[in-house]
Each structure stands twice: as structure tokens, then as C-alpha cells.
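Here the sequence shown stands for residues -22 to -1, 1 to 619, numbered as in mature numbering (1 follows the signal peptide of the UniProt record, and there is no 0).
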Amino acid sequence: MKRILHLIALAVLGLFLQSCNSEEKGEKEKSGALAANAAERVYVAPGEHDEYYGFFSGGFSGQLSVYGLPSGRLLKVIPVFSQDAEKGYGYNEETKAMLNTSFGFVPWGDSHHPDISQTKGELDGRWVFINENNTPRIARIDLTTFETTEIIEVPNSAGNHSSSFVTENTEYVVAGTRFAVPSPQKDMPISEMKGNFKGPLTFISVHPETGRMNIEFQIAMPGFNYDLSHPGRNKSHGWFFFTTYNTEEAHSLLEVNASQNDKDYIAAINWKKIEEYVKNGGGEKIKAKYAHNVFDEHTQTATTTMKEEVVSVNPTDVPGAIYFLPIPKSPHGCDVDPSGEYIVGAGKLSADLTIHSFSKMLKAIEEENYAGEAYGVPVLDFEAVRAGSVKQAGLGPLHTEFDGKGNAYTTFFISSEVVKWKLDTWEVVDRKPTYYSVGHLMIPGGNSRKPFGKYLVAMNKITKDRYLPTGPEVNHSAQLYDISGEKMELLLDFPTVGEPHYAAGIEASIVKENSKKIYKLDENEHEHAVKNESEARVERNGNEVHVYMTMIRSHFAPDNIEGIKVGDKVYFHVTNLEQDYDVPHGIAMIGANTSEQLIMPGGTKTFIWEPKREGVWPFYCTDFCSALHQEMQGYVRVSAK
Ligand code: CUK
Ligand code: CUA
């Protein structure tokens, strides 16, 4: 019976999905509640700058794209987990190591959640962290260079989804695991999953000056799916909250199986307690193979260190560190308001939003107000911790953000809308349609104590008729709303790169002053850098040839290279001698099994060319750099073996 009811429920949701996405909407509906003077309000005049940076995850593109808000102008795509031919990332010898993992070189990733570093609960604009789901990793992007400077693999994890959220002083960046797996991995029957799989949660410390990451400990949680997470802030600083689903531990998640339990959990974790436990020698070292890749800003080169073990903590060994808060029907998002008092859990298959109270949680813990336990972890009584519910708010709630003015905004995937509601009274005060099927939403600073509270961006999964058709696929779409007034006002649609699951936004003034203009040539410690044209040269060592080359407007040195033979392996070590802002040069060789190399002022990059045929082969600058850009060229003579 339960099964049948469930099927009916799913069918109804399916119908809703169809009608919400239907192409029958009239022209008027299509524009939604488009604000008066919308164009004017997002217009950033030529030469003017946007007020906010928006960092959008690339989803299946594996990258991070940078947009200006409110204009929606694409400013840059920062390569993170995927090779990028435009920038040479993952192709040149300097950055290849960034994509090393314990499984070898993995040049693609699926990135979901960017989060900006914080100091005292406010965005400090130093780094952006972002997760990779498929081959679990966390990356750190330096906001002085807008380049990926570190990637750490997350071992014993599978589907690194509830990541990469940072604590109030960026003490930790946290990585959850969406799929329970044997930990450490081993060969065993899938059907014996229940009770035998684990869902490790990984706490990665961040060095306060350098930003360098280090895996401090993993909590060997029961084998649920840990979907999303958020750190406590303000009064709940020191805690971390994770939503779970499939607490039934079904090994096949055909939906009827997976959502049998009336309630799943939010796992509340007192990480300060566990940190202390580990500092006092608690936990055990377990096998954990993972790569740690660091890009050194002085040598401009990435290196990989392979690691072998992590400290694993059994959650029941640390009394008072972990509790489960019941939450109805397969929760997805897990969001904490700026005061740290409210924890919003959105059950995807529930029409109501459940909001838990941090202070009630502490009280329930003190009074041992338990409804039971799961794997030795106390389950707190639902009513004892519940602060309130937003009733019948919409269909398919996913994610919530806050404006810092006492309002919360929740996305509803199935009913395709953003709903604004009041903290404390739980009343719905506004709702606006999205086009269509919104996933996450983002308010700049929404993940901190101090949201900027002016704009909201909805990230939509289905675009359909919003743009000119471009074949079977239309880019995903973001929508910008003004939330400074009582009612939300739609201002703008703009297409995005890949699938932006989530984004992080920050006032531009916090970041832009620190943005680097050049790499200083006298600080370039690359082992093959050539800092003066007179040192440009060609060196042979057996069939390996090293070309030490310089580039400056508008020539290469050397520009005529002879003595190369078919079968040689030619390394081009190329330094851009420019010391002016925004003057990169590029270079490539015919038939080279790599991308072009775009080299920043003061930078050095290396690529390999293995000539296949004799002849005289040209090379040229690939980035228009001066009036004599076309003259920036040279030849390599290749002779028979
Ligand atoms: S997820 Cu995509 S809409 Cu990966 Cu945060 Cu919810
Ligand atoms: Cu250098 Cu074009």
C-alpha cells in the first residue's frame, strides 16, 4: 500500500513538473514579474564595473565561472577540475600535476558548490573552495590570481557532494560523501551494504596564512547518503550540519525503495569536540590513498604528494559530539541562517519546510530528549528541536538563502519558484516563478553572518524557450532578482557555463584591490625561466631537446631553430618577459599533442612537441598582442633521424 501511495505521489509530482515546464505559457507569463526599468537596473555602462563578483560552479564542465552582477557579464572561466585548452591548464607541464589523483591523471570533474573564505563569519575574499563529486576532490582558487592553486583528493569518499563549505574563520573546509561505500574500499556483495558501508565526513584544515589544506580527520558515519551540509555560524559556530537521505541504507535506490522512512536525519556534529579528541590522540589511522596537488606561486609549478593514511574517528567514541535531528522525507538542502539559530531542512518529497532551532537542540541534548538511536547515535525528538514549519510552501523544496533582514528564500524545483518567507513567524510573504525548475539560489554573502541582501540569483535546470534555440541543448540559465524591497523583482536572465549547481557572491571591492596585475619577473623562480633574451638557447641531451625561449612584443627568441630531428622530444620552456598588465603571449607547434600555451606577463610555461615529419615548421603568437602581432613568428627546421 505504502508503495502504491508513493507511486501515486510520484506520478502527481511528475504531472506538476510537466505543467510547470510547459511551453504553453503565454508571452506575458514568460516575462514573469519583470521589474519596471529592469534594463536600467542591470545596465553597467561600458567601462564601468559591476558591484559584485559571482562565482558559479560549472557542474559537469568541472570549472568555476566568474560573472559580474548585476550585469550578468561573463568575466572569466577559471579551470579547476577539467583541462582547459584556452588557458593551457592541465596541458602544460606546470599544471598537469593539478589533475593527479590516486587513480592517475583525471582531466575532468563535476563541480557543485563554491564557497568563499571567511574571517569572523564574514567573507574575506581570499580564496574560493569548490568540490568535485565524481573523483572526490576539493580545490582552492586564489583570488589574487583567479587561478586554481591547490587540489586535495578526499579518500574513502564517493560522490563528494556535501562540500566544500567553510567554517566561520575558514578553520575547516568540509567534504561529505554522498554515497556510502566500504571504508576502506574492499570487494564485497552490494546486497550486504546495510550496516557495513560507511559515509565518512572529512574535515580539512586550512592554513590561516597560506591557505594550504590538510586532512585532519574523517568521521566514520553510518552508511547513509550525506547530501548537503552547512557550518553553524554565530551562536552555532563549532557545529556542522549534514542532511542525509536513504537512512534505510537501501542498496538500490529505485525511488520507492529509498524513501520508505517517514523521516531522514540532519546530522549535527560538534567538530570542536572531535578536533579536541583527535588532538589528544583519539581516533585510529586507517589506509587512505590520496593525492595532494599544490601549485607553488614562486616556481609556478604544481607538484603532487601521494598520501597513505588518515585519522578516522568512530562517532560514538566521542560522547556528545554527534546527534541526529529528524527531518521529513528525503531532505536535500541544509541551510543555516546568519544568526546561527535556524537550521532549514528541505524534504524533497514534503510540501512543508522544517526549521530546527539550535537552542532547542542544545536543550534537548541537555534533557536527553531522545526519540531513539541509530548506530549508537542519539536521535533527538522531532518536536523538541523543531522551531517551526513553513506550511504548504511549494513543491519540491531544495535550497534556502538569507538576506540578513529576517527573511529566507527557498527554491522549489517542482513548482518552479522562489518563495520568500519570514524567520520566526514562518509566513510566506512573496513568491516568484523561475524559468524553469530552479535548483540552488544565491544571495551574495548568503553563506555568512552578513549577507549583502540586494540581489538573489536563481540557477535553473531547464531553459527551453528562454533563449534562441541552439540545437537539442540550451545552456542552463541564471536569473537575477532584486530583493531590496518587500517583493522580489525579476531583472535579468543570463546563460551559464555547464550546470551551475551553486554560486558564491561577494562585493567586488573586497576582492578587486588585491587582484594581481603581473607576475614579477624577478620573483619568477621557475627552474627553466629565462629572464633575459640573451640567455635564450637550445640544449640537446640525447634525443631530448630543451628550447629556452623568451617572448616580448613582438618577437620570440630564438625564432629560428635548427638541428631538430624526427623522433626528438622537444621541450619548449617559454617565458613572457612583459611586465605590463594584460599582455599575455601565446605559442603552439603544428601537430603538437597539447593545447596552445597562453603565458602571462612574467610567467613561464612548458609544452612538449614530438615532430613526426621532416620539414620547416612555423610557430606564431596565438594572442593578438600588438600591431606587430602577426609578425610574432618563427620556424623550426626538422631533419630526418
Ligand atoms: S545540488 Cu544541484 S540543485 Cu549538487 Cu547543491 Cu541541489
Ligand atoms: Cu604576442 Cu601576439
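C-beta: ideal position from N, C-alpha, C; glycine also.
Since this is a predicted model, take the numbers as computed values, not measurements.
Extent of the continuous alpha helix (DSSP H) to which residue i belongs
| i | result |
| --- | --- |
| Ser487 | 486 to 490 |
| Ile252 | 249 to 257 |
| Phe336 | 336 to 344 |
| Ala14 | First-last for Ala14: undefined, no H or E at that position. |
Reduced DSSP category for residue i - H, G, I as helix; E, B as strand; rest coil
| i | result |
| --- | --- |
| Asn212 | helix |
| Pro178 | strand |
| Pro356 | strand |
| Asp402 | coil |
| Thr97 | strand |
| Thr79 | strand |
| Thr277 | coil |
| Glu287 | strand |
| Asn(-2) | The pLDDT assigned to Asn(-2) is 44, lower than 50, so where the model puts this residue is not dependable; a value taken from the coordinates is nonetheless given after this. If DSSP states are grouped into helix, strand and coil, Asn(-2) belongs with coil. |
| Lys498 | coil |
| Thr412 | coil |
| Lys6 | At Lys6 the pLDDT is 48, less than 50, meaning the model places this residue with poor confidence and gives no usable figure here. |
| Leu606 | coil |
| Pro429 | coil |
| Glu361 | helix |
| Val508 | coil |
| Thr332 | strand |
| Asp313 | strand |
| Asp546 | coil |
| Asp537 | coil |
| Ala443 | The question names Ala, but residue 443 in the sequence shown is Asp. Here Asp443 sits in helix by DSSP. |
| Val20 | helix |
| Lys74 | helix |
| Leu(-16) | For Leu(-16), the pLDDT reaches just 39, beneath the cut-off of 50, and the residue's location in the model is therefore unreliable, although a value from the coordinates is still provided. In this structure, Leu(-16) counts as helix in the three-state DSSP scheme. |
| Thr225 | coil |
Check whether residue i and residue j have beta carbons under 7 Å apart
| i | j | result |
| --- | --- | --- |
| Ser394 | Ala365 | no |
| Ile244 | Val296 | no |
| Gly216 | Lys265 | no |
| Phe422 | Ser35 | Note that residue 422 is Pro in the sequence shown here, rather than Phe. Contact flag unset, no. |
| Gly311 | Val291 | no |
| Glu149 | Lys428 | no |
| residue 624 | Ala456 | Residue coverage of the chain in this structure runs from -22 to 619, which leaves residue 624 outside it and unanswerable. |
| Pro562 | Ile577 | yes |
| residue 625 | Ser604 | Absent from the structure is residue 625, since the part of the chain shown begins at -22 and ends at 619. |
| Gly40 | Asp28 | no |
| His229 | Ile168 | yes |
| Thr584 | Asn70 | yes |
| Gly154 | Leu179 | yes |
| Ile488 | Gly68 | no |
| Ala246 | Leu303 | yes |
| His454 | Leu419 | no |
| Phe195 | Val144 | no |
| Ser43 | Val22 | no |
| Val151 | Phe33 | no |
| Arg211 | Gly382 | no |
| Phe360 | Asp315 | no |
| Pro114 | Val132 | yes |
| Ser415 | Phe391 | yes |
| Phe80 | Tyr268 | According to the sequence as given, residue 80 is Ser; it is not Phe. For Ser80 and Tyr268, yes; Cβs fall inside 7 Å. |
| Phe204 | Glu485 | A quick correction: the sequence has Tyr, not Phe, at residue 204. Going by C-beta atoms, Tyr204 is not nearer than 7 Å to Glu485. |
Range of the contiguous beta strand (DSSP E) that encloses residue i
| i | result |
| --- | --- |
| Leu468 | 467 to 473 |
| Ala324 | 320 to 325 |
| Met437 | 433 to 438 |
| Ala63 | Counting along the chain, Ala63 falls outside any beta strand (DSSP E), and DSSP gives it neither H nor E. |
| Met529 | 522 to 530 |
| Trp86 | No beta strand (DSSP E) holds Trp86; DSSP gives it neither H nor E. |
| Lys619 | From DSSP, Lys619 is part of no beta strand (DSSP E); its letter is neither H nor E. |
| Lys54 | 51 to 56 |
| residue 662 | The structure shown does not extend to residue 662, since the chain spans only -22 to 619, so no value can be given for it. |
| Ser43 | 42 to 47 |
| Arg515 | 515 to 519 |
| Ile421 | Neither: Ile421 is in no beta strand (DSSP E) and is coded neither H nor E. |
| Phe391 | From DSSP, Phe391 is part of no beta strand (DSSP E); its letter is neither H nor E. |
| residue 707 | Because the chain spans -22 through 619 in this model, residue 707 falls outside it and cannot be assessed. |
Ligand 3 heavy atom lying under 6 Å from the CB of residue i
| i | result |
| --- | --- |
| His607 | This structure simply doesn't include ligand 3; it includes ligand 1 and ligand 2 instead. |
For the pair the stretch 488 to 499 and the stretch 55 to 71, tell me if three or more CB-CB distances fall below 8 Å. no
Minimum length 4: unbroken alpha helix (DSSP H) runs contained in the stretch 115 to 203: none
With a cut-off of 8 Å, do at least 3 Cβ pairs link the stretch 315 to 329 to the stretch 341 to 348? no
Is it true that the stretch 516 to 529 meets the stretch 453 to 470, where meeting means three or more beta-carbon pairs spaced less than 8 Å apart? With the cut-off at 8 Å, the stretch 516 to 529 and the stretch 453 to 470 do not touch.
With three or more beta-carbon pairs closer than 8 Å as the criterion, would you say the stretch 136 to 143 touches the stretch 105 to 121? yes
Counting only runs of 3+ residues fully inside the stretch 557 to 602, write out the beta strand (DSSP E) ranges in chain order. Fully enclosed beta strand (DSSP E) runs of 3 or longer: 563 to 567, 575 to 577, 582 to 587, 593 to 598.
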